[in-house]
Amino acid sequence: MRKKIEMVLERIRACGAEYGDIRIIDTIKESITTEDQMVADIIDSRSKGAGIRVILDGSLGFAATQDLSNLAETVERAIQIAQAGRMLQKEKIVL
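For the record, in the sequence shown the residue sitting at position 28 is 28 according to this note's numbering, with numbers rising by one throughout.
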C-alpha cells in the first residue's frame with residue numbers, strides 16, 4: 001500500500017499541483033441485535049476506500065474509489081477534474 005500512496009503523491013507533484021492529499025479508510029463494523037435479552041443476529045462488515053484531492057492552478061479536483069488497487073486511475077480523475085474546473089472558476093482556491 002505504501003508504494004501505491006507514494007505513486008499517488010508523486011503524480012500529484014508531477015502535475016504541478018499546489019496541494020494534494022490522499023485519505024484511506026478501512027472500517028470494520030460489528031452489529032449485534034438482541035431480542036428478549038438474547039442475541040438475535042450478529043453482522044460483521046468491512047468497508048475500504050480512498051479519496052484524493054488536488055488543487056491545481058487554484059482549482060479543486062476530487063475523486064474517490066472503493067477499489068484500492070485502482071489508485072492510479074483515481075488520481076488521474078482528480079487531476080482531470082481540477083483541470084476542467086480551471087475553465088469555469090471565477091476565483092482561485094487559496095489555502
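Think of the CB as a built atom: it goes at the ideal place given N, C-alpha and C, for glycine as much as any other residue.
According to the neighbour-count rule (16 or more other Cβ atoms, all chains shown, within 10 Å of its Cβ), is residue 2 buried or exposed?
Along the sequence shown, read from residue 1 onward, the residue named residue 2 stands at position 2. Classification of residue 2: exposed, given that the 10 Å Cβ count is below 16.
Would you report the Cα separation of residue 62 and residue 45, rounded to the nearest angstrom?
Position 62 of the sequence shown, counting from 1, holds the residue named residue 62. Position 45 of the sequence shown, counting from 1, holds the residue named residue 45. Residue 62 and residue 45: Cα-Cα distance of roughly 26 Å.
Relative to the alpha-carbon of residue 48, which residue among 22, 82, 67 has its alpha-carbon at the smallest distance?
Locating residue 48 in the sequence shown gives position 48, counting from the first residue. Cα-wise, what sits closest to residue 48 is 67.
Spatial neighbours of residue 5 in its chain, beta-carbon cut-off 7 Å, leaving aside the 5 residues before and after
The residue labelled residue 5 in the question sits at position 5 within the sequence shown. The answer, listed in chain order, is 22.
Which residue from 29, 50, 32, 41 puts its Cα closest to that of residue 8?
Stepping through the sequence shown from its first residue, residue 8 is reached at position 8. Selected option, being the one with the closest Cα: 50.
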